[in-house]
Each structure stands twice: as C-alpha cells, then as structure tokens.
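Inspection log for the structure reproduced underneath, given as structure tokens.
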Amino acid sequence: MRTNQSHTAVPALAALALAALAPLALLGCKPATDARAAGSPRGAATQETDEADPRTNQATTNRATANQDEANQNPEENAATRAVAILRAVGDSGVTGSIHFETTEDGLRITGDVRGLEPGEHGFHIHQFGDLTATEDGTSAGGHFAPEGHDHGAPDADQRHVGDLGNIEADGSGNAAVDKVDDVVALTGPHSILGRAVVVHAGKDTFQGKSGEAGDRVAFGVIGIAEAD
Ligand SMILES: [Cu+2]
Ligand SMILES: [Zn+2]
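Per the working numbering: the sequence shown = residues 91 to 319.
As structure tokens, then:
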C-alpha cells in the first residue's frame, strides 16, 4: 500500500510541480514573445541600427579624439627627432641641468646647461640604463652604452663606446653650456639612446682605461622623447 501510495504520489507531485511551473514558464516566455511580436522585422532592424550606430560613432569619435590629444599613431610623426633629459643630482652633489637632443643632417645635436659643477672639464656619457634608482651613487645607470663593445675612447676616436661623448666644461661659476654634435649616437636604430641615461662625472674623461677615469657620477637623467618642432 505504501508503495502504491508513493508511486502515485510522485507523479502527482510532478504534475503539481509542472502545473505550478507552467504559468511561470509561460510568463518567462511572454516578454520575449511580446517583444518579437511588437517589433516587425523592419522595426527590429531599425532598433538595431538606432542602437548600434550611435555606439559605433561614439567609439570612433573617442578614438579620433584620443589620436589628436594623446595617441598619435602616425609612425612617421612618432619617429623621435628630439629628446630631452633632466639631470638630477647624484647624492649631495648639487649638480643639475637639462640636456636636449635633436636629430640633424650632421648627427645628433646635443645642447643644454649643467649647473653646480666644479670649474673645469667633466666626463659626459650616455650610460646603458635609464635607471635612476641608485640616487646616492648613480650606479643603477650601468656602464657606458656600448652595444657593439669596443674600448672606451674620445668622441672622435675610431674605437669608442657609442655613449662616449667626451667632456663638458664648466666655467668659474660651475655652469657648463653644452653644444656638441655627435654622429654615432642617435634617437633611432641600434645606436638609439632613448630610454638610457646621460651621466655627468666629477672629473675629466681622460679617454684612458675602461671608462675614462672620470670619477664619481654627479648628475644623471633619463633621455625621453620630446615633441618635434
Ligand atoms: Cu660616464
Ligand atoms: Zn666609454
């Protein structure tokens, strides 16, 4: 008896459940059916057009604005022709300055000012890393930028590191006006110095030894792309 009861009870419960669910299922379907019924194929197409087009247009507009304001994607315009490095003092040297780089027919023109130096000549190089984290000794900038190796040398030597830019000379007030042209360093290609560091030394680069015996690093800065003229 029990068995019979339970056998009949299960289908009965199932039927009840179905009966209870059926209206819900119908309700669940209804809005979709209604929507489909309300929108003729043309209406639906219009709706799609109305919704999709403004979105597309907006996205296009946003992209165009971004291009103008921030992200110039023109490869020719993006090839760097000018760069700049702001020099910060290493440790308590008090040496600061700014150096500008500009591509010319004769090579890279390097101009700028360095302040707070001891009067006289100071080694002036491009070092491998644009990493200024070693604020006390500047060692994070690595060694001279020398992608092809070679020995250290004067800027006009046959053998030199790419980064060997010689010396800058400070006047009696400790100011050095920099203005040199170098046809080995560049802002593009394998000799590109973008993202590397300008380093000014406490002493003169003698062009001897592995790095010119120029002594401590007194200022350094990262070379970044500047806006073209
Ligand atoms: Cu150096
Ligand atoms: Zn060198």
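Glycine included, each C-beta is placed from N, C-alpha and C at the ideal position.
Once DSSP output is grouped into helix, strand and coil, what is the label at residue i?
i	result
Ala266	strand
Thr296	coil
Ser301	coil
Ser183	coil
Thr229	helix
If residue i sits next to residue j, beta carbons under 8 angstroms apart, how far is it from one beta carbon to the other, in whole angstroms?
i	j	result
Ile216	Ala287	7 angstroms
Gly293	Ala309	Going by Cβ atoms, the distance from Gly293 to Ala309 rounds to 13 angstroms, so no, they are not a contact pair.
Gly206	Ser230	Contact flag wrong, Cβ pair sits at about 21 angstroms.
Can you say whether residue i is buried or exposed, counting buried as having 16 or more other CB atoms within 10 angstroms of its CB?
i	result
Gln218	buried
Ala236	buried
Gly279	exposed
Ala170	buried
Ala156	With a pLDDT of 49 at Ala156, under the threshold of 50, the predicted position of this residue should be treated as unreliable, and no value is reported.
Asp272	buried
Gly262	exposed
Asp295	buried
Leu114	Summary for Leu114: the model assigns pLDDT 41, below 50, so the residue's position carries little reliability, and this model does not support an answer.
Asn168	exposed
Ala260	buried
Asp254	buried
Gln213	Note that residue 213 is Gly in the sequence shown, not Gln. Looking at its Cβ environment, which holds 16 or more other Cβ atoms inside 10 Å, Gly213 is buried.
Ala175	buried
Glu226	exposed
Can you check DSSP and say which residues form a bridge with residue i?
i	result
Asp254	His215
Asp272	Leu198
His234	His217
Thr193	Leu198
Ile315	Ala173
Val288	Ile216 and Gly311
Leu260	Per the sequence shown, residue 260 should be read as Ala rather than Leu. According to DSSP, Ala260 bridges with Gly210 and Ala266.
What is the chain-ordered set of residues for which the beta carbon lies under 5 angstroms from any non-hydrogen atom of ligand 1?
Here the list is His215 and Val289.
Go through the residues and name those whose CB comes closer than 5 angstroms to any heavy atom of ligand 2, in chain order.
Per the Cβ criterion, the list is His234, His242, His251 and Asp254.
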